[in-house]
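Reading through the structure tokens given below for one structure.
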Amino acid sequence: MTAKPAVLACGDARFSVHRLLGLGEGDAHVRNAGSAVTEDAIRSLTVSRHLLGTREIVLVHHRDCGMRTFTDPAQDVRQCIGRLRASPFLPHTDVVRGYVLDERTGTLDEVP
Ligand SMILES: [Zn+2]
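Residue numbers (our numbering): 136 to 247.
What follows is the structure, given as structure tokens:
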């Protein structure tokens, strides 16, 4: 089985993570307010890692997120990536990538 990435995205109903990333039924994804790297999110990603063999995490933030009115979404993505990489519960996660969705244009930009 080729494992797809586990996706952590905001629960905002204005965009579909499935459509955005071409996910299918059963693909691993976690949604919460602001795509925050909370203990719950890390627990879900850990389960995904062990049960589905996901070794890559994709983080999706979006520009008009109500959870981060005052911060730069790219900066927040970098901080969240740091938290995921530092988690002792995700030691074998090979790749963590972060993106910011611009809902107005539909573009998804990777955060370097
Ligand atoms: Zn949001």
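Here a beta-carbon is modelled for each residue, glycine too, at the ideal position from N, C-alpha and C.
Since this is a predicted model, take the numbers as computed values, not measurements.
Review point. So who's on the other strand from Asp237, going by DSSP bridges?
Key: Partner(s): Thr242.
Check your understanding: Counting by C-beta, which residues lie closer than 5 Å to a heavy atom of ligand 1, in chain order?
Key -> Selection around ligand 1 by beta-carbon proximity, strictly under 5 Å to any non-hydrogen atom, yields Cys145, Asp147 and Cys200 in chain order.
Check your understanding: Taking contact to mean at least 3 C-beta pairs separated by less than 8 Å, is the region 136-151 in contact with the region 159-178?
Key -> Yes, the region 136-151 touches the region 159-178.
Exercise for review: Report yes if the CB atom of Leu236 is closer than 8 Å to the CB atom of Leu180, and no otherwise.
Suggested key: Not closer than 8 Å, so no.
Practice item. Please report the residue range of the beta strand (DSSP E) in which Leu194 lies. Key: In this chain, the beta strand (DSSP E) harbouring Leu194 covers Glu191 to His197.
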